[in-house]
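Protein chains in written order, with full-length UniProt numbering: chain A, 1 to 424; chain B, 1 to 424. Glycine is no exception: its CB is placed at the ideal position from the N, C-alpha and C atoms. Everything numeric in this text was worked out from a predicted model, so none of it was measured. Here is the structure we will look at, set down as structure tokens.
2 protein chains.
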Amino acid sequence: MKEMREQIQKWLEEHREEGTVLLQRLVQSPSIAKNEAKAQAIIIEALSKMNVQVDVWEPDGKTLQENPYFYSPRDQFTGSPNVVGVLRGIGGGRSIILNGHIDVVPEGDHDQWSDDPYSGAIRDGKMYGRGVTDMKGGLVSYLLAIKAIQQLGIKLKGDVIFQSVIEEESGGAGTLSALLKGYRADAALITEPTNMRIFPKQQGSMWFRIFVKGRSAHGGTRYEGVSAVEKAMTVINDIRNLETKRNQRIDDPLYKNTPIPIPINIGVVSGGTWPSSVPDLVKIEGRMGVAPNEKIADAQNEMRQCLQQLTEVDSWFKEHPPILEWFGGQWLPGSIDLEHEWMNTLVYQYREAIGEEPVIEASPWGTDGGLITEVGKIPTIVFGPGVTEVAHYPDEYIKLDKMFQAAEIIACTLIQWCGVNDRK
Amino acid sequence: MKEMREQIQKWLEEHREEGTVLLQRLVQSPSIAKNEAKAQAIIIEALSKMNVQVDVWEPDGKTLQENPYFYSPRDQFTGSPNVVGVLRGIGGGRSIILNGHIDVVPEGDHDQWSDDPYSGAIRDGKMYGRGVTDMKGGLVSYLLAIKAIQQLGIKLKGDVIFQSVIEEESGGAGTLSALLKGYRADAALITEPTNMRIFPKQQGSMWFRIFVKGRSAHGGTRYEGVSAVEKAMTVINDIRNLETKRNQRIDDPLYKNTPIPIPINIGVVSGGTWPSSVPDLVKIEGRMGVAPNEKIADAQNEMRQCLQQLTEVDSWFKEHPPILEWFGGQWLPGSIDLEHEWMNTLVYQYREAIGEEPVIEASPWGTDGGLITEVGKIPTIVFGPGVTEVAHYPDEYIKLDKMFQAAEIIACTLIQWCGVNDRK
Numbered sequence: 001m002k003e004m005r006e007q008i009q010k011w012l013e014e015h016r017e018e019g020t021v022l023l024q025r026l027v028q029s030p031s032i033a034k035n036e037a038k039a040q041a042i043i044i045e046a047l048s049k050m051n052v053q054v055d056v057w058e059p060d061g062k063t064l065q066e067n068p069y070f071y072s073p074r075d076q077f078t079g080s081p082n083v084v085g086v087l088r089g090i091g092g093g094r095s096i097i098l099n100g101h102i103d104v105v106p107e108g109d110h111d112q113w114s115d116d117p118y119s120g121a122i123r124d125g126k127m128y129g130r131g132v133t134d135m136k137g138g139l140v141s142y143l144l145a146i147k148a149i150q151q152l153g154i155k156l157k158g159d160v161i162f163q164s165v166i167e168e169e170s171g172g173a174g175t176l177s178a179l180l181k182g183y184r185a186d187a188a189l190i191t192e193p194t195n196m197r198i199f200p201k202q203q204g205s206m207w208f209r210i211f212v213k214g215r216s217a218h219g220g221t222r223y224e225g226v227s228a229v230e231k232a233m234t235v236i237n238d239i240r241n242l243e244t245k246r247n248q249r250i251d252d253p254l255y256k257n258t259p260i261p262i263p264i265n266i267g268v269v270s271g272g273t274w275p276s277s278v279p280d281l282v283k284i285e286g287r288m289g290v291a292p293n294e295k296i297a298d299a300q301n302e303m304r305q306c307l308q309q310l311t312e313v314d315s316w317f318k319e320h321p322p323i324l325e326w327f328g329g330q331w332l333p334g335s336i337d338l339e340h341e342w343m344n345t346l347v348y349q350y351r352e353a354i355g356e357e358p359v360i361e362a363s364p365w366g367t368d369g370g371l372i373t374e375v376g377k378i379p380t381i382v383f384g385p386g387v388t389e390v391a392h393y394p395d396e397y398i399k400l401d402k403m404f405q406a407a408e409i410i411a412c413t414l415i416q417w418c419g420v421n422d423r424k
Numbered sequence: 001m002k003e004m005r006e007q008i009q010k011w012l013e014e015h016r017e018e019g020t021v022l023l024q025r026l027v028q029s030p031s032i033a034k035n036e037a038k039a040q041a042i043i044i045e046a047l048s049k050m051n052v053q054v055d056v057w058e059p060d061g062k063t064l065q066e067n068p069y070f071y072s073p074r075d076q077f078t079g080s081p082n083v084v085g086v087l088r089g090i091g092g093g094r095s096i097i098l099n100g101h102i103d104v105v106p107e108g109d110h111d112q113w114s115d116d117p118y119s120g121a122i123r124d125g126k127m128y129g130r131g132v133t134d135m136k137g138g139l140v141s142y143l144l145a146i147k148a149i150q151q152l153g154i155k156l157k158g159d160v161i162f163q164s165v166i167e168e169e170s171g172g173a174g175t176l177s178a179l180l181k182g183y184r185a186d187a188a189l190i191t192e193p194t195n196m197r198i199f200p201k202q203q204g205s206m207w208f209r210i211f212v213k214g215r216s217a218h219g220g221t222r223y224e225g226v227s228a229v230e231k232a233m234t235v236i237n238d239i240r241n242l243e244t245k246r247n248q249r250i251d252d253p254l255y256k257n258t259p260i261p262i263p264i265n266i267g268v269v270s271g272g273t274w275p276s277s278v279p280d281l282v283k284i285e286g287r288m289g290v291a292p293n294e295k296i297a298d299a300q301n302e303m304r305q306c307l308q309q310l311t312e313v314d315s316w317f318k319e320h321p322p323i324l325e326w327f328g329g330q331w332l333p334g335s336i337d338l339e340h341e342w343m344n345t346l347v348y349q350y351r352e353a354i355g356e357e358p359v360i361e362a363s364p365w366g367t368d369g370g371l372i373t374e375v376g377k378i379p380t381i382v383f384g385p386g387v388t389e390v391a392h393y394p395d396e397y398i399k400l401d402k403m404f405q406a407a408e409i410i411a412c413t414l415i416q417w418c419g420v421n422d423r424k
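Next comes the structure, spelled out in structure tokens:
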């Protein structure tokens, strides 16, 4: 193993520029939703230079819509392909899925970026651009690991299933499609931007919308009306209490450094139409976190009960109960036992490569890991070189050193997990 | 006087249909802002059948804009005339302005109206339509009073200055223009819809806008951000305390039946853009009441200080103080001494006509009365036959009996205030 690690390190040094250029080309292709094809073509080109079986298909909207786990703003995916590359093992070993998403969130206000948002500019060892950290750097670390193993003539026993999927940012339709197509393995890795932390548990999340009613009146006689803003403030305070209650239950040591493990975020408040009128309708939208071991339906029930209690203590709410809806994407939570063999493997390889214990935490956001865990029944870990804090923000960047470190850890992890024949 | 009253009552009975038809024609002309000309033409036609000097002019935007009391969403008034009709007295008496506005607020959602919003339909002694109560019924009660006096050969000593102005709903530019043109009198009446109550004091009001800042973060790690919604709730609670403090000061017996004499209404709250993000900006808009004897600048100062105190107790507000703006229309407060001769005259005539004491209160909303009081230095009373609760609402209506009662009271008031020669 030590010899293979040294060979991998040497290979990565020799191919540093190649890896950097590949990442740059990927970042310079703005792959927001519906525009993934060009970036996927770069992935396909990279895979074609390796000895992998390439599978490219456009997820089928009709089939997906019948699946209870399907969420997307769109119902068809023409022109938006998934790409899978399978490095067939020689047999008798454990398989692994290396999952990553090609789609990126919109770049937002260009004025907030120092460079063009898709520049791929490199300064002080960092590459800048939307998607470089979330998560094209993670995709490239997979490709480097696979190519290194291949070119070094290392023959893995188990299959390696590389996946570059669409729609992670929009609800997981790409990964769901890959699962429905039949891709399974003994373990899965997702190189979302974790700052090189290892997340054996991931928070789930979903979006809620609440309508709070009031009664209109002239602002000069506001006491004749009922302010939907005042009522909404009561609802928001109640939600804050619910959040406190839910988080007091969390005693998982993985969350010991997290101030609020499963937050409930109020993201949008909008109500009233006229300064001189008492507002009669307020809309609240937000994101509710789901604990790694929690069922989404149970979390939704708690929110429903929280609002229900308001109707029992306030006669206005009794007559005009708030209306609760769930909309948009849902990210399933996920978790793997800390003593799981897959966890031990990755942690060991991290330690060997870095020379320190990894930071092990629960992730504060959802990923496709929940789908892979719940639908695929595959133990999944999230671990990647990207910078958590800058994902989705202007001047998103990655530290290139970390990408190559991750590639080394992944390559050695593949060797340990999938197994190799004894080599001369 | 008694004989003249009986003649006036008889005249009004004989001209009931004429008055009803005039009101109907006025209501059926939708005179929302910029569309006043047709309704004003009906007013001019009615005036031309009386022996009054008619003055019609389009307020001059350029001149008005230089005036500190000018507020309007528009800066020119082409096609939107004011109409004044002066019934010249024979001399030696007190003059009076009979002020009313021709403009109406938009009808809103047609689905909420039982009839067409401008139907002028009559059922059970009520006429329906946008503007019938606020305040075309009030304008018609003036016209009936003037016509009755004229046709009965009653010669008033003082001048009667009838005014049908634009822009009352938009900030007072019509009344301001009439004042700048030079129209003055010893007293003024405004037949806004008071349910036949007499308002010697009127609340002023103005619109405020407050921007509250936060700091964005991902909803899954909301503790890394600062929620502008939470901060806005603090601001709103503080404003509520300010309202309580301001109202505790009010000991005017005229307000004894008013739950909140000078309310601060939160009308619009809008913040955040994404359910999964901590909101970093919230906008609050509302209406602040001004006490009859209060200066607008002093009320604005109190609001400013209220927000200033927040910066002293909360370090976030210290670094990111809320931004306060005043925008849109301002309605000056107004008040007249309860013992003023003008007040005594109207109260006396009310009592004589109705046989009961009038209800005397302070008005909960602003009118052009503040402008007439402050700019014109003219003692002003607000009193009219319209139904307060339905102004600005769907299915606005007026009780026709009240309009004719008001006409009788106004005619007799003119006789007492302006004076008459002894008649045979």
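- Chain-ordered listing is empty here: chain A has no CB closer than 9 Å to the CB of Ile239/B, the nearest sitting near 11 Å.
- Below the 7 Å Cβ cutoff, chain B contributes Pro364 as neighbours of Thr221/A, in chain order.
- Three or more beta-carbon pairs separated by less than 8 Å link the region 323–337 of chain B to the region 184–203 of chain B, which places the two stretches in contact.
- In the structure shown, the three-state DSSP call for Val21/B is helix.
- In the structure shown, the three-state DSSP call for Trp316/A is helix.
- Residue nearest to Ala33/A within the set Asp103/A, Gln9/A, Gln7/A and Val52/A is Asp103/A (criterion: CA-CA distance).
- Sequence-distant partners of Val56/A (beyond 5 residues in either direction) whose C-beta falls short of 6 Å from its own C-beta, in its chain, are Pro81 and Val83.
- Proximity of chain B to Ser227/A at the Cβ level (cut-off 7 Å) is accounted for by Ile266, in chain order.
- In chain order, Val268, Val269 and Ser270 make up the part of chain B whose C-beta sits under 8 Å from the C-beta of Gly271/A.
- With its beta carbon less than 8 Å from one in chain B, Met233/A belongs to the interface.
- Nearest to Trp331/B by C-alpha distance, out of Pro321/B, Glu167/B, Asn247/B and Thr311/B, is Glu167/B.
- Counted as a single uninterrupted DSSP element, the alpha helix (DSSP H) harbouring Ser48/B occupies residues Ala37 to Ser48.
- About 14 Å separates the Cβ atoms of Ile372/A and Asn67/A, ruling out a contact at the 8 Å cut-off.
- Under a 10 Å Cβ-count criterion, Val278/B is classified as buried, with 16 or more other Cβ atoms of the shown protein chains found around its own Cβ.
- Taking 8 Å as the upper bound for CB-CB distance, Phe404/B and Gly19/B are in contact here, some 7 Å apart.
- Excluding its 5 nearest sequence neighbours in each direction, Leu12/B has C-beta neighbours in its own chain below 7 Å: Leu144, Ala148, Phe404, Ala407 and Glu408, listed in chain order.
- Just measuring C-alpha positions, the residue of Gln76/A, Arg5/A, Trp113/A and Val132/A sitting nearest Val21/A is Val132/A.
- By the Cβ neighbour-count rule, Asn265/B is buried, with 16 or more other Cβ atoms within 10 Å of its own.
- Thr413/B and Met4/B have their C-alpha atoms roughly 11 Å apart.
- Positions of the alpha helix (DSSP H) runs, each at least 4 residues long and wholly inside the UniProt domain "Peptidase M20 dimerisation" (202–311) of chain A, are given as 228–248 in order along the chain.
- About 7 Å separates the Cβ atoms of Arg94/B and Ala187/B, confirming a contact at the 8 Å cut-off.
- At a C-beta separation below 7 Å, Gly289/B has these neighbours in chain A: Gly220.
- When 8 Å is used as the limit between beta carbons, His392/A is near these residues of chain B: His218, in chain order.
- Between Phe211/B and Leu281/B, the C-beta gap is smaller than 8 Å, which places the two residues in contact.
- Annotation: the continuous beta strand (DSSP E) that includes Met127/B extends over Lys126 to Tyr128.
- Listed in chain order, the non-local C-beta contacts of Val268/A below 6 Å within the same chain comprise Glu285, local neighbours out to five positions each way being set aside.
- Between Leu310/A and Leu324/A the beta-carbon gap is near 11 Å, outside 8 Å, which marks them as no contact.
- With a cutoff of 8 Å on beta-carbon distance, Pro292/A and Gly220/B are scored as not near each other.
- Rounded to whole angstroms, Gln163/B and Leu156/B show a C-alpha spacing of 18 Å.
- At a cut-off of 8 Å between beta carbons, Ile260/B contacts chain A.
- Put simply, the CB of Gln203/B is near chain A, with a gap under 8 Å to one of its CB atoms.
- Here the C-alpha atom of Lys231/A lies approximately 14 Å from the C-alpha atom of Val229/B.
- Listed along the chain, the chain B residues whose CB falls inside 8 Å of the CB of Ser277/A are Asn265 and Gly267.
- Ile190/A is outside the set of residues whose beta carbon lies under 8 Å from a beta carbon in chain B.
- Taken through DSSP and simplified to helix, strand or coil, Gly328/A comes out as strand.
- Rounded to the nearest whole angstrom, the C-alpha separation of Lys399/A and Gly225/B is 24 Å.
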